[in-house]
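J.: Next up is a structure, given as structure tokens.
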Amino acid sequence: MKIPEKLSGFAVSMFSFCLASSVLAAELNLYATMPDKYASEVLAQFSKDTGIKVNYLRLSAGEVLARVQAEKNNPQVDAILGGPADIYEAAKKENLIEPFLPKNASAIPSQFIDPDHAWIGIGIMPLAFISNSDFLKRNGLKAPQSWMDLLDPKYKNSLILADARTSGTATERLFSIRGAFGKEAGIEYQKKLHKNVQMYTKSGAWPALRVGQDLAAVAIVYLPDALDIKQLGHRVEITYPKEGVTFGIEAVGLIKGAKHPEEAKKFIEWAASPKFADFILKNNIKYVPTRTDAVITDPVLNLKNIKALDVPLSWKGEKRKELTDEWINQVLPTK
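Per mature numbering (1 follows the signal peptide of the UniProt record, and there is no 0): the sequence shown = residues -25 to -1, 1 to 310.
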């Protein structure tokens, strides 16, 4: 079977496992927003467990949403792996998602499942601050404990943030700031924050690496990206703002008009299963499983001490474009 034309021009990772018969193996095409090293491990295990060959393209959350919107009349993929659930909410409003509820989802709390079954949450990830320890020491600073700490003039041209036009991490930042400060105060806060930003990046994960390399002081990223840099041995500190943060939900969903719907459903069933939850925990993939029967022993994944802002996912889906436009039109022009 051919890889869809729009995927074939890219570096596509494929995992193939031969079936006993001489016919071609079942096939699945998807977009993944998980970091590539996580997506490759997850999809390789899925292929191993099911015999289904996977063709995937790794993109940022904003890029996935844009592609799915552009491909509405001729879907190029069957499913989406990862990405904050608000991109699924946005896609659902445009009738781009086919509802599907896995049979094994009963152990996943309702707050992590779309009421219309447009997406199933498979992992939880709070937004976090990651700071370079050497920068903090050189400048007599402590790791930030508040959103307001990032306005310190010592951080001028030293913060690195993701771009809300392309990154789900960035829109999560906008949700958190709105939740912590409200609309008008949140916009004013962002204008002040903007003065300390050295650059905005296409990817939500890349800022964490620059902080680890002492090329920036602080980044605002999802916890798995921060943990990844820390585990690589970089001198960084991970903290959370006392005003609170929103949580991203890594999700999976079925594309409306998928060319391989049965394979996509098998993938979603697998991703919602205990097997997936156990796999990510055992393989150091730092998402908190949504299943209540998952056994979590790593204290770094204990979310009890993080203030979670109550921002409904339906609201995120409705406000994603509005908050992004505010950032583009009211925050970026200021310096």
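Even for Gly, the Cβ is constructed at its ideal location relative to N, Cα and C.
(1) Look at lysine 231 and glutamate 73 and say whether their C-beta atoms are less than 7 Å apart.
(2) If you pair each beta-carbon of the segment 191 to 211 with each one of the segment 153 to 166, do three or more pairs fall below 8 Å?
(3) Tell me, which residues are paired with valine 263 by DSSP?
(4) From the DSSP output, read off the bridge partner residues of methionine 174.
(5) What is the rounded straight-line gap between the Cα of tryptophan 302 and the Cα of alanine 145?
(6) Count the other CB atoms, across all protein chains shown, that sit within 10 Å of the CB of glutamine 51; report buried if there are 16 or more and exposed otherwise.
(7) Taking the straight line between their C-alpha atoms, what separation do you get for glutamate 38 and threonine 299?
(8) Please report how far the alpha carbon of threonine 265 lies from the alpha carbon of isoleucine 281, in whole angstroms.
(9) DSSP puts leucine 229 in a beta bridge; with which residues?
(10) Beta-carbon within less than 7 Å of serine 35's beta-carbon, same chain only, minus the 5 sequence neighbours each way: which residues are those?
(11) In this structure, does DSSP put lysine 28 in helix, strand or coil?
(12) At a cut of 8 Å, does the segment 247 to 260 reach the segment 123 to 140 through at least three beta carbon pairs?
(13) What residues in its chain sit with their C-beta under 8 Å from that of valine -14, if we drop five residues either side in the sequence?
(14) Select from Gly292, Arg210, Ala139 and Gln165 the residue whose C-alpha is nearest the C-alpha of tyrosine 175.
(15) According to DSSP, is glutamate 46 part of a helix, a strand, or is it coil?
(16) Can you tell me whether glutamine 86 is buried or exposed? The criterion is at least 16 other CB atoms within 10 Å of its CB, across all chains shown.
(17) Rounded to whole angstroms, how far is the Cβ of arginine 295 from the Cβ of aspartate 61, which I believe are closer than 8 Å?
(18) Can you check DSSP and say which residues form a bridge with tyrosine 164?
T.: Reading it off the structure:
(1) Their beta carbons are under 7 Å apart, which means lysine 231 touches glutamate 73 by this criterion.
(2) The segment 191 to 211 vs the segment 153 to 166: no contact.
(3) DSSP, once it has assigned bridges, lists Ile99 as partnering valine 263.
(4) Answer is Ile135.
(5) Each residue's Cα considered, the two are about 10 Å apart.
(6) Under this definition glutamine 51 is a buried residue.
(7) Across the structure, glutamate 38 and threonine 299 are spaced so that their CA atoms are roughly 14 Å apart.
(8) The alpha-carbon atoms of threonine 265 and isoleucine 281 are separated by roughly 17 Å.
(9) DSSP output for leucine 229 lists Ala54 and Glu73 as bridge partner(s).
(10) Shown here for serine 35: same chain residues with a beta carbon closer than 7 Å to its own, the five before and five after excluded, namely Thr8, Thr141, Ser142, Gly143, Lys177, Ser178 and Gly179 in chain order.
(11) Correct three-state label for lysine 28: strand.
(12) The segment 247 to 260 vs the segment 123 to 140: no contact.
(13) Because the pLDDT of valine -14 is 45, which lies under 50, any placement of that residue in the model is unreliable, and the number read from its coordinates should be weighed accordingly. Cβ within range, chain order: Ile(-23), Asn30, Tyr31 and Leu32.
(14) If we check each option's Cα against that of tyrosine 175, Ala139 comes out closest.
(15) Three-state DSSP puts glutamate 46 in coil, outside helix and strand.
(16) So glutamine 86 ends up on the exposed side.
(17) Confirmed, Cβ separation roughly 5 Å.
(18) According to DSSP, tyrosine 164 bridges with nothing at all.
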